[in-house]
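Undergrad: Attaching a single structure in structure tokens format; questions to follow.
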Amino acid sequence: MKNLSFYKIEIEPDKNKRIDQLIASELPEYSRSRIKNWINRKDITINGKPCSPKDKILKKSVIEIRILENEELDIQPEKINLNISYEDKDILVINKNPGMVTHTAPGHFLGTLQNALLYHYPNLKNVPRAGIIHRLDKNTSGLIIIARNLIAHNSLVSQMKEKMIIKKYTALVTGMVTRNQIIRKKIGRHRINRLKMSVTDSGKEAISKIIVLENFKKSSLLDIELVTGRTHQIRVHLSSIGHPIIGDDLYGFKKSAHNHDKNLVNFLNSYHYHALHAKYLCFNHPITKKKIIINSEIPKSFVTIKSLLIKNYAKS
Numbered sequence: 020m021k022n023l024s025f026y027k028i029e030i031e032p033d034k035n036k037r038i039d040q041l042i043a044s045e046l047p048e049y050s051r052s053r054i055k056n057w058i059n060r061k062d063i064t065i066n067g068k069p070c071s072p073k074d075k076i077l078k079k080s081v082i083e084i085r086i087l088e089n090e091e092l093d094i095q096p097e098k099i100n101l102n103i104s105y106e107d108k109d110i111l112v113i114n115k116n117p118g119m120v121t122h123t124a125p126g127h128f129l130g131t132l133q134n135a136l137l138y139h140y141p142n143l144k145n146v147p148r149a150g151i152i153h154r155l156d157k158n159t160s161g162l163i164i165i166a167r168n169l170i171a172h173n174s175l176v177s178q179m180k181e182k183m184i185i186k187k188y189t190a191l192v193t194g195m196v197t198r199n200q201i202i203r204k205k206i207g208r209h210r211i212n213r214l215k216m217s218v219t220d221s222g223k224e225a226i227s228k229i230i231v232l233e234n235f236k237k238s239s240l241l242d243i244e245l246v247t248g249r250t251h252q253i254r255v256h257l258s259s260i261g262h263p264i265i266g267d268d269l270y271g272f273k274k275s276a277h278n279h280d281k282n283l284v285n286f287l288n289s290y291h292y293h294a295l296h297a298k299y300l301c302f303n304h305p306i307t308k309k310k311i312i313i314n315s316e317i318p319k320s321f322v323t324i325k326s327l328l329i330k331n332y333a334k335s
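Add 19 to the 1-based position in the sequence shown for the working numbering, that's all there is to it.
So this is what it looks like as structure tokens:
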């Protein structure tokens with residue numbers, strides 16, 4: 020039996036974007052064509068009324084979306100090893116490897132975290148998106164919370180909405196970041212390259228807290244806490260201040276910036292990930308309400324880059 024998922028999204032007025040564009044920015048794992056099909060099928064309503072894909076939001080509105088999970092994607096369980104950082108009968112916390120896509124989607128039918136979860140935990144077919152509460156980009160590693168039942172799912176989704184889940188990351192970036200700072204820059208879909216996000220006055224509020232942990236020659240190790248959780252937020256914010264994440268070609272990383280270190284460049288030639296790791300989670304257990312704090316190990320490739328940076332810095 021296929022499962023229904025329901026989403027309720029509060030949208031601010033935006034006379035410049037169509038409703039299908041706004042929903043696509045809220046649910047980036049679904050294609051625009053798929054969203055249009057839902058609208059035409061009347062599975063999406065604005066303030067309780069059917070809408071058209073080209074409609075625009077002229078006042079603060081509530082969008083409700085009814086999704087029949089797996090209606091277009093036959094999501095197959097797949098035997099893929101998982102790194103489990105925490106587990107009980109209600110929740111899991113997975114330490115995702117870099118290179119793994121979080122959700123199954125067109126172009127990514129196999130090899131995803133969702134495929135793996137459905138293999139190891141078949142009952143997750145009864146929970147929206149196999150219980151995945153939040154996502155990480157394919158080339159970002161780190162901690163992801165999984166709800167094992169609907170009660171846990173509803174509680175954790177509510178905590179996400181109320182910004183009660185604390186998420187911290189560590190990143191290696193190009194250039195020496197000289198001070199701790201809070202980046203407050205709105206983020207929206209890039210107007211030309213739809214695969215990218217960008218800093219834009221018409222975007223949504225986005226806040227990132229940046230702490231400098233260590234400086235190397237022409238690079239820095241940072242600790243980042245997300246106050247908001249926009250798509251590609253850390254990547255966009257760091258790029259916007261001139262410090263793209265090592266390995267993040269989409270947002271401006273250039274290997275040539277590290278030509279002074281041949282060993283590092285040689286390693287980066289075969290490195291296809293981002294030096295960005297979701298290292299810390301703090302949230303309330305959905306059932307017991309006890310505070311859960313999880314820390315994770317940094318991937319070996321991340322450690323290798325850091326060690327090469329340290330060696331080069333020591334020589335300078």
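Glycine included, C-beta positions come from ideal geometry on N, C-alpha and C.
Put D107 into one of helix, strand or coil per three-state DSSP.
TA: coil
Undergrad: How is the beta strand (DSSP E) around Y188 delimited, first residue to last?
TA: Start and end: 185–193.
Undergrad: So the candidates are N199, D268, R60, L143; which of them puts its Cα closest to the Cα of E233?
TA: N199
Undergrad: So the alpha helix (DSSP H) N288 belongs to, where does it begin and stop?
TA: It is not in any alpha helix (DSSP H) - N288 carries neither H nor E in the DSSP assignment.
Undergrad: Inspect the beta-carbon positions of K187 and K298 and report whether they are closer than 8 angstroms.
TA: Yes.
Undergrad: In the structure shown, what three-state DSSP assignment does Q178 receive?
TA: helix
Undergrad: Is the Cβ of T131 closer than 8 angstroms to any Cβ of chain D?
TA: Within the model displayed, chain D is absent; a lone protein chain is all it includes.
Undergrad: Quick one, are the C-beta atoms of P305 and I170 less than 8 angstroms apart?
TA: yes
Undergrad: Expressed to the nearest angstrom, what Euclidean distance is found between the alpha-carbon atoms of K68 and D268?
TA: 42 angstroms
Undergrad: Measuring CA to CA, which of D33, S104, K27 is closest to N66?
TA: For N66, the nearest C-alpha among the options comes from K27.
Undergrad: In whole angstroms, what separates the C-alpha of G271 from that of R254?
TA: Cα atoms of G271 and R254: separation of roughly 10 angstroms, rounded to the nearest angstrom.
Undergrad: Less than 8 angstroms between the CB atoms is what I'm expecting for I202 and I229, so what's the real figure, rounded?
TA: 6 angstroms
Undergrad: For a quick check, are the C-beta atoms of I152 and L132 less than 8 angstroms apart?
TA: For the 8 angstroms CB-CB criterion, I152 and L132 do not form a contact.
Undergrad: Where N293 and G130 are concerned, what is the direct C-alpha to C-alpha distance, given to the nearest angstrom?
TA: Note on identity: in this sequence residue 293 is His, with Asn being the wrong assignment. Going by the C-alpha atoms only, they are around 19 angstroms apart.
Undergrad: Have a look at T121 and L245 and give me their C-alpha separation to the nearest angstrom.
TA: 19 angstroms
Undergrad: Would you mind reading off the limits of the beta strand (DSSP E) that contains E244?
TA: Residues 238–245.
Undergrad: Measure the CB-CB distance between A190 and I226 and report whether it falls below 8 angstroms.
TA: no
Undergrad: Is the region 318–328 close to the region 270–289, with three or more CB pairs under 8 angstroms?
TA: yes
Undergrad: Output the boundary residues of the beta strand (DSSP E) element that contains K122.
TA: In the sequence as displayed, the identity of residue 122 is His instead of Lys. First-last for H122: undefined, no H or E at that position.
Undergrad: In the DSSP output, what is K68 paired with across the bridge?
TA: According to DSSP, which records beta bridges pairwise, K68 is partnered with I65.
Undergrad: Please classify D39: is it buried, with 16 or more other beta-carbons within 10 angstroms of its beta-carbon, or exposed?
TA: D39 is classed as buried because its beta carbon has at least 16 other beta carbons within 10 Å across all chains shown.
Undergrad: Thinking C-alpha only, which one of I329, T193, I311, K78 is nearest H277?
TA: T193
Undergrad: Taking K73 and D33 to be in contact with their CB atoms under 8 angstroms, please state how far apart those CB atoms are, rounded to whole angstroms.
TA: The C-beta distance from K73 to D33 rounds to 13 angstroms, too long to fall under 8 angstroms, and the pair is not in contact.
Undergrad: Taking the C-alpha atoms as reference points, what is the distance between K204 and K310?
TA: 30 angstroms
Undergrad: DSSP three-state label for E45, please.
TA: Correct three-state label for E45: helix.
Undergrad: Rounded to whole angstroms, what's the CA-CA distance from R208 to G222? Just pull it up for me.
TA: Going by the C-alpha atoms only, they are around 8 angstroms apart.
Undergrad: Judging by CA-CA distance, which residue of H172, K236, H296, L41 is the nearest neighbour of I329?
TA: Of the listed residues, the one whose Cα sits closest to I329 is K236.
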